[in-house]
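Heads up, the sequence shown is in our numbering, so the first residue is 969 and it goes up one at a time.
Backbone N, C-alpha and C define an ideal beta-carbon position, used for all residues, glycine too.
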Amino acid sequence: MPPSAALSRLADLLRRGIGARPRTTPSVSRTSAAPAGPAAGPGAGYPGDFPGVPSMQYAPRPDGRPDPGEVVWTWVPYEEDHSRGKDRPVLLVGRDGAWLLGLPLTSKDHDRDAAQEHRAGRDWVDIGSGPWDRAGRPSEVRVNRVLRVDPAAVRREGAVLSRALFEQVADAVRADRR
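Encoded structure:
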């Protein structure tokens, strides 16, 4: 694709707030098993959630690969048992070496039980609806759990979040992790 066409496509995707593109990895069945592979990077058993405050950057690119600023679907380990998990939407916010960093999304409304969720160690920010949810349900992103995501485990890309909304989420992550 010529550079001018690629820039035009990126501008169109950002203007519309979506970035659905063809899969870049084969479809993987939804299982509870962790990705397998070498212990030193993506594909390894889950090394644990990212500690501290990640360096977050908004960098979506229409190149068919997952980038920060995009909502993708991938395997997410359970907090209490990293050997189990499920396929979920995740907002990518940065990188940690070869791993991507992401925040899990949910379509469950936590506004009514925000105090209970906070006591349980879960803080959420509303991000509205988008093409990552085929039913068009409003979503919330968890800002106090930063996942490491294997780029090869991304099953599909659902959307490019607007820069303004991405910055609101990044500010909430920074405030929560101080």
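Measuring only from the beta carbon, is residue i closer than 8 Å to any heavy atom that is part of the ligand FMN?
i, result
"Ser1097", "With respect to small molecules bound, the structure shown includes none, and the ligand FMN cannot be examined in it."
Under 7 Å Cβ to Cβ from residue i, same chain only, skipping five residues before and after it: list those, please.
i, result
"Arg1105", "Ser1075, Ser1097"
"His1078", "Glu1085, Trp1092, Glu1108"
"Arg1131", "Tyr1026"
Residue i lies in the alpha helix (DSSP H); which residues open and close that run?
i, result
"Ala1127", "Ala1127 -> not in any alpha helix (DSSP H); beta strand (DSSP E) instead, spanning 1124 to 1128."
"Glu1135", "1131 to 1144"
In terms of residue numbering, what span does the beta strand (DSSP E) encompassing residue i cover?
i, result
"Val1109", "1107 to 1110"
"Arg1033", "Unbroken run through Arg1033: none, as it is neither H nor E."
"Trp1043", "1038 to 1045"
"Trp1100", "That residue, Trp1100, is in no beta strand (DSSP E); it is neither H nor E in DSSP."
"Val1117", "1115 to 1117"
Taking 8 Å as the limit between beta carbons, can you name the residues of its chain near residue i, skipping five residues before and five after?
i, result
"Val1021", "Val1141, Arg1142, Arg1145, Arg1146"
"Arg1113", "Asp1017, Glu1047, Leu1071, Pro1072, Arg1090"
"Gly1062", "Pro1022, Ser1023, Met1024, Gln1025, Pro1036, Leu1068, Leu1069"
"Pro1057", "Val1039, Val1040, Trp1041, Pro1072, Leu1073, Trp1100, Asp1101, Ser1107, Gly1126"
"Ala1088", "none"
Looking only at its own chain, which residues have a Cβ that is under 6 Å from the Cβ of residue i, when we skip the five neighbours before and after it?
i, result
"Val1093", "Val1109, Val1111, Val1137, Ala1140"
"His1050", "Tyr1014"
"Pro1045", "Tyr1014, Gly1053"
Tell me, please, whether the CB atom of residue i is closer than 9 Å to any CB atom in chain C?
i, result
"Trp1043", "The structure shown contains no chain C; it holds only a single protein chain."
Pop quiz: residue i and residue j are said to be a contact at Cβ under 8 Å. What is the actual Cβ separation, rounded to whole angstroms?
i, j, result
"Ile913", "Leu1133", "Residue 913 cannot be examined here, being either before or after the span of the chain that is shown, 969 to 1146."
"Pro1015", "Arg1116", "6 Å"
"Pro1019", "Val1128", "Between Val1128 and Pro1019 the Cβ distance is about 27 Å, and since that is not below 8 Å, they are no contact."
"Arg1123", "Asp1081", "Arg1123 to Asp1081, Cβ: 29 Å. No contact."
- prompt: Which whole runs of the alpha helix (DSSP H) in the stretch 1054 to 1082 are 4 residues long or more, in chain order?
  reply: none
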